[in-house]
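Residue numbers (this note's numbering): 574 to 1039.
Structure (structure tokens):
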């Protein structure tokens, strides 16, 4: 199924000039010559480049988080203030980890990384250049193309890519309409994992930066790891993308749906050109509770009426998959932060998902996860850095349980740690910490504790009217 007429475009790649943070046109990075700018975000710049060695056009992604660093006169990337150094370095390491991981894959629906390297006091990854448009662009400019057959063709490829990831116990956790590109020949590609953004969000701005409203399931809002993530996590996001494809708007945020679900199931309305079975499958993928969703790619495919490719079925015996399994160990050993996407412990099957999520947050959409997100203008849930340490570092930390009613946003030393519930515990380093818990309907609750000396193992507070 070709989409060459999907959007008007010239045969030659089109690139922008860029801004003051972009490398100048003509800059050489090893064998690559920068010829333009494809896109800029808060955490990196993607360039169009020509590979003089292999005589081909490529895309090059540069790690340069604008809030932390800028371009120096010698073209290197310089941290704006020394206090940002730790955060910048953590994001850099995560960027490299992601590039190393993606380079092991050779799947037509996963972005192909040719190589990665460090230069200019930052890091780069050279990727295949895909001529096409994001799913978001297609839905906006050519909505008449959207029908059940087209959606099945597109999402069949994405599901196959996800199944390949799951064979190596890797979750994507950042699926959205602007993270899927449809090439001119109609083939779909699932783009990068945005790991640097997630790491930096963890260290600076919290969940408002990490998660994409409408596409993140409820289990991604819990920072403490108590709510199991698995294929069902990506399935929710993919179902939300399907919902967006149909209605041109994302579903309500999952954390709001926990309290009051205003989502109207697709199957109850008339959508010409779409079967009831297909719409019901999307509705099932959007179930609030993880255990109510399809638990595997196979199950979701069957519900959608999509036939599997043979490639993913045999991928477990392929050279690529074997090398990925080896890379999984390498990443865990070399990284001082959790690799993104998370390389999960080896297992024959995913753990059974039996945990329900309590009804907790109410006004969090307007006050924290909605308005704060859009005020910051940010356009993918990950383990906290504290969970990525060794046994030695874990011994120097204290676990503090949380018992907050009905709910509150938890701040540790001024930084967001998450909403409790579902957040159930904090892992804190030895020493004094200022804890503040906020619920907009009540005065803040604040306390100080000293991990290592303070014998408290739980923080309890109930916001009540007096």
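Every residue, glycine too, gets a C-beta built ideally from N, C-alpha and C.
Are residue 683 and residue 814 close, meaning C-beta to C-beta below 8 Å? Counting from one through the chain shown, the residue named residue 683 turns up at place 110. Counting from one through the chain shown, the residue named residue 814 turns up at place 241. Going by beta carbons, residue 683 and residue 814 fall outside the 8 Å limit.
Spell out the partners DSSP gives residue 753 in its beta bridges. Taking the chain shown and counting its residues from 1, the one referred to as residue 753 is at position 180. BP columns for residue 753 point to 763.
In angstroms, rounded to a whole number, what distance separates the CA positions of residue 789 and residue 1037? Here residue 789 refers to the residue found at position 216 of the chain shown. Here residue 1037 refers to the residue found at position 464 of the chain shown. Using only the alpha carbons, I get a separation of about 30 Å.
For residue 733, count neighbouring Cβ atoms within 10 angstroms of its own Cβ and tell me buried if that reaches 16, exposed if not. Counted from its first residue, the chain shown places residue 733 at position 160. Flag for residue 733 reads buried.
Looking only at C-alpha atoms, which of 686, 668 and 666 sits nearest to residue 675? Here the question's residue 675 lines up with position 102 in the chain shown. If we check each option's Cα against that of residue 675, 686 comes out closest.
CB contact flag (residue 762, residue 727, <8 Å): As a position in the chain shown, residue 762 is number 189, starting the count at 1. As a position in the chain shown, residue 727 is number 154, starting the count at 1. In this structure, residue 727 does not lie closer than 8 Å to residue 762 by Cβ.
Would you list the one or two residues that DSSP bridges to residue 609? Here residue 609 refers to the residue found at position 36 of the chain shown. Note: residue 609 sits in a beta bridge opposite 621.
Go ahead and label residue 1032 buried or exposed: buried means 16 or more other beta carbons lie within 10 angstroms of its beta carbon, across all protein chains shown. Position 459 of the chain shown, counted from the first residue, corresponds to residue 1032. That one is buried.
Tell me the residue span of the beta strand (DSSP E) that contains residue 651. Here residue 651 is taken as the residue at index 78 of the chain shown, counted from 1. 650-652 is the extent of the beta strand (DSSP E) around residue 651.
Say the cut is 7 Å; is the CB of residue 1035 nearer than that to a heavy atom of the ligand GTP? As presented, the structure is devoid of all ligands, the ligand GTP included, so that no description of it is given.
Less than 8 Å between the C-beta atoms of residue 987 and residue 1011, yes or no? Here residue 987 refers to the residue found at position 414 when the chain shown is read from its first residue. Here residue 1011 refers to the residue found at position 438 when the chain shown is read from its first residue. In this structure, residue 1011 does not lie closer than 8 Å to residue 987 by Cβ.
Reduced DSSP secondary structure (H/G/I, E/B, other) of residue 1004: Walking along the chain shown from the start, residue 1004 turns up at place 431. Strand.
Among 695, 1000 and 810, which residue has its Cα nearest to the Cα of residue 744? Taking the first residue of the chain shown as 1, we reach residue 744 at position 171. Comparing Cα-Cα distances from residue 744 to each of 695, 1000 and 810, the minimum goes to 810.
Own chain partners of residue 785 with C-beta closer than 6 Å, once the 5 adjacent residues on each side are dropped: Here residue 785 refers to the residue found at position 212 when the chain shown is read from its first residue. Hits under 6 Å: 749.
Rounded C-alpha distance that separates residue 719 from residue 821: Start at 1 with the first residue of the chain shown, and residue 719 comes out as number 146. Start at 1 with the first residue of the chain shown, and residue 821 comes out as number 248. Cα to Cα, the separation comes out at about 11 Å.
Would you mind reading off the limits of the alpha helix (DSSP H) that contains residue 814? In the chain shown, the residue the question calls residue 814 occupies position 241. Residue 814 -> alpha helix (DSSP H) spans 804-820.
Residue 890 in three-state terms, based on DSSP: Working through the chain shown from its first residue, we reach residue 890 at position 317. Confidence in residue 890 is poor, its pLDDT being 37 and thus under 50, which makes the residue's placement too unreliable to answer from.
Give the secondary structure of residue 595 by DSSP, where H, G and I count as helix, E and B as strand, and everything else as coil. On the chain shown, position 22 is the one that residue 595 refers to. Note: residue 595 maps to coil in three-state DSSP.
If you run the structure through DSSP and keep just helix, strand and coil, what is residue 870? Within the chain shown, numbered from 1, the residue matching residue 870 stands at position 297. In this structure, residue 870 counts as helix in the three-state DSSP scheme.
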